[in-house]
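If you read the sequence shown in this note's numbering, its first letter stands for residue 681, the second for the next number, and so on.
In this text, a Cβ means the ideal position worked out from N, Cα and C, and glycines have one as well.
Report on the following structure.
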Amino acid sequence: MRLLNVQTLAFEEFIGEVGNGIPPYAILSHTWGPEEVTFKDHTEQQDESCEKKGYDKIRGCCRLAESEGFQYVWIDTCCIDKSSSAELSEAINSMFQWYRDAAICYAYLSDVDSLDDLTVLADGDDKSESSSVFARSRWFTRGWTLQELLAPAEVVFLAADWSEIGTKRSLGAEVSRITRISEKVLLECRWDEYSVAQKMSWAAGRQTTRLEDAAYCLMGLFDVNMPLLYGEGRKAFSRLQQAIMQRSEDQSIFAWSYPDDKHSHILMSGIMAPSPEYFKDASQIETLDRSDDYESPFEVVNQLVRLRLRLLDEVEGIKLQTYASKPLLHDVIEVQQINGGPQVLAQDTGIATIPDALPVIDSTGGIPRLGGVALEDELTEINVDGISASGSMDRDLQKDSSDGNEHENTGEFETLIPINKPMWRWYIYEKVVIAPLRCRIGQNQLGILLSKGRAYSLGGKMNLRLHYPSLVMINMKMAREKVVEEYNASASNYETFTITTPIGRLETELYLTALGDPTGLNILDLGGGTGLRARQAVERGAAAVDVVDISPEMLRVGQHEAAKNGFADRIRFIEADVSQSLSHLDLRESYDLVQANWVFDHAESIESLERMYTNVVTYLKPGGRFICVHVVNPKGANLKGKKYGASHSEIEETPGGLKYWVTLYTDPPVKFGSASLEVLYSGSLKMHEKFGLVNAKVVPIENTKVAREDPDFWQDCVKEPMIQFVTASKA
């Protein structure tokens, strides 16, 4: 490392680390101006360099550093020999570390005069005038100064006459307001806690003289190294993203959206963002952490991103809710499923050929049925840099105004206010696939839309990303539709689980223990499926059971089984989503007993879980009993194999919980998605307490007949239970 001696103004070379070969040093952060002094100027033309304007900056920095006890400074204009491409590359790749290791960073704002009223920034009084002078400094707009703000622990802001304005700590609130970077980020220097999208958002709005530097100035923040290839233009930012993907599995790198003036309904893009500007509104996007059995989600091969995503839905039409505060973020509230073969039905669309532009259809109109080739592979290949639907590169982005609306970006995601009525967007080139990402805004998981477009002329099964909408929130309605689909598919085999698997037999005994004597009771069975527990209750004397479930096929099987056993007049089957209000149903005013069969393991948010509990206490009479069963320790070793007849796989972090696939080892096996919240799977009874359910008790596994008959087999399950039956009563 080359440092400048503040007394002799001569360069000295050091090898090692700070405190072990490299002495403590101060470092300068500034914006370049005319007549900067270079390394060559300082070493070969010292007399002439002293006349340059930039020399005053060097002298001022050295005087200040010496007055504060430092013998050395580092200044980028003169401490790097830019005539050596190898040295320049090494310096740029090391610069973040050099700023981080500096004892102090002097942020010199040459365009901020020494105004008396500027001192109020540090004093915390009226900031109106002085704040605007400080905030307008060019220093806050440059790409390179981002790392110079973030990396050093101590930053001192200096005016043009080298008088102190304040520090990063004393001006934290003001600097946060100017940069849109939280004080926590500025002061704690713990960047690994933040998503790729969040860190990219900090760079949005900053400029660099060279296009490539928009990428190179971020290498240190993302802890990546790559060769400098000036002349490559925007490819540098694509290379940066690929380098980030080589060392990080953070899928928020895909959670960018098109700026208002660049989105298009008819163009498609690659998976990579063209510049940091596309992350402008990503400051609140957080990651969902990976689980122990997590598989790397992507790799880059020959300009294709191979993305391993569970494709959520293949759709023809997507009903989107637009938000006033962020018009380019949409909430997916309904989907039009693929129905039929690959064809365009002119009677539905009013057209005989595929048009050039995508219309917006009012939600009251007909939904076109348009086919295509499905994205069948689990490993989805997506072009890195993007090709439009017509085969042109997406650098030819154009403003699309087919919806007739002008969108104004009025803010970020704090206040999502729906505007207008939901609209159907209709995709006609190929099927669109919603690909969920492991990242979120608040309680909403994010997704991107993929399609093959009209890229067949370019060969293969390459997929592209839609420009508009670029980013969607995947809400609970879509998740519930997948639940229905999965349970419908497994309805005919579902009950064999309780007979043919060890955990199924244990579950039955635990339920009957919790049920006790139900003679004469009226029971509400939430998530009762095929009515197995309802039949068992009636067999033991229950007067009547109302079974409520979201799956019509499970209910159909249940009605058949109830009739076959002579219980048709005592068991009713009602289709409804128990995570929503049940007030519209023809239910009793109250029940002696309410039971929840695995429904809590489909609550992906605390709000959904609370609605389920609300239904429980709404229909349970005072003194009535409540029984629920839910998973505990979903990552446990007992749920990683076939020993007990059930396993969990593809476990992913969600806000406050986990989601995963459940496999029941029946013949044939049954597989469906599930979700659990930590407030339940941790074994906590807080939700019972919150909703006035008292005397809560866990039914012990070790006391069951099946566990006593084969203690060696069941010892792991007793030590680390997989499921938990809880009984309680309403106060």
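- The DSSP-derived three-state label of residue 895 is helix.
- Non-local C-beta neighbours of residue 1311 in its own chain, meaning closer than 7 Å and more than five positions away in sequence, comprise 1281, 1356, 1361, 1402, 1403, ordered along the chain.
- In the DSSP assignment, residue 849 falls outside any alpha helix (DSSP H), carrying neither H nor E.
- Residue 1120 and residue 1332 do not touch by the CB rule: their CB atoms are close to 11 Å apart, not below 8 Å.
- Taken in chain order, the whole alpha helix (DSSP H) runs of length 4 or more contained in the stretch 1199-1286 are 1212-1219, 1232-1244.
- In this structure, residue 1194 and residue 1203 do not form a Cβ contact; the two beta carbons are roughly 12 Å apart against a cut-off of 8 Å.
- Under the three-state reduction of DSSP output, residue 750 falls in the coil class, being neither helix nor strand.
- Remark: C-beta atoms of residue 900 and residue 820 do not approach each other more closely than 8 Å.
- In the DSSP annotation of this structure, the continuous segment of the beta strand (DSSP E) that includes residue 1307 starts and ends at 1300-1311.
- With a cutoff of 8 Å on beta-carbon distance, residue 1176 and residue 1345 are scored as not near each other.
- Excluding its 5 nearest sequence neighbours in each direction, residue 697 has C-beta neighbours in its own chain below 8 Å: 781, listed in chain order.
- Taking residue 1322 as the centre and dropping the five residues before and after it, the same chain places the C-beta of 1345 closer than 6 Å to its C-beta, in chain order.
- For residue 710, no beta strand (DSSP E) run applies, since DSSP gives it neither H nor E.
- Distances from the alpha-carbon of residue 964 to those of 1192, 1236, 1125 put 1125 closest.
- For a cut-off of 8 Å, the C-beta gap from residue 1400 to residue 1316 is around 5 Å, short enough to register as a contact.
- When the beta-carbon positions are compared, residue 794 and residue 843 come within less than 8 Å of each other.
- Listed in chain order, the non-local C-beta contacts of residue 1259 below 6 Å within the same chain comprise 1288, 1291, 1292, local neighbours out to five positions each way being set aside.
- Contact between residue 1410 and residue 1303 is confirmed by a C-beta separation of about 6 Å, below the 8 Å threshold.
- Between residue 684 and residue 753, the C-beta gap is smaller than 8 Å, which places the two residues in contact.
- Using a Cβ distance threshold of 8 Å, residue 867 and residue 883 do not count as a contacting pair.
- In the structure shown, the three-state DSSP call for residue 1351 is strand.
- For residue 1252, the closest C-alpha among the options 1284, 1209, 1272, 1261 is that of 1209.
- Annotation for residue 1248: 1242 place their beta carbon closer than 6 Å to its own, counting only its chain and skipping 5 residues before and after.
- The count of Cβ pairs closer than 8 Å, one atom from the stretch 763-777 and one from the stretch 900-914, reaches three, so the stretches are in contact.
- In the three-state scheme derived from DSSP, where H, G and I count as helix and E and B as strand, residue 817 is classed as coil.
- In terms of Cβ geometry, residue 891 and residue 906 do not form a close pair [threshold 8 Å].
- Under the DSSP assignment, residue 685 falls in the beta strand (DSSP E) whose first and last residues are 682-685.
- Look at the beta carbons and you see the stretch 1337-1352 not touching the stretch 1255-1273: under three pairs across the two are nearer than 8 Å.
- Contact annotation, residue 824 with residue 757: C-beta distance approximately 12 Å; criterion of less than 8 Å not satisfied.
- Annotation for residue 1199: 1221 place their beta carbon closer than 6 Å to its own, counting only its chain and skipping 5 residues before and after.
- Counting C-beta atoms within 10 angstroms of its own C-beta, residue 953 has 16 or more neighbours from the protein chains shown and is therefore classed as buried.
- The residues 1324, 1325, 1326, in chain order, have a CB closer than 6 Å to that of residue 1183 in the same chain once the five nearest residues on each side in sequence are set aside.
- Counting only the Cα atoms, residue 1226 lies some 54 Å from residue 860.
- Your pair residue 760 and residue 719 checks out as a contact, with CB atoms roughly 6 Å apart and the cut at 8 Å.
- Annotation for residue 863: the continuous alpha helix (DSSP H) segment containing it runs 863-868.
- A distance below 8 Å separates the beta carbons of residue 1145 and residue 1129.
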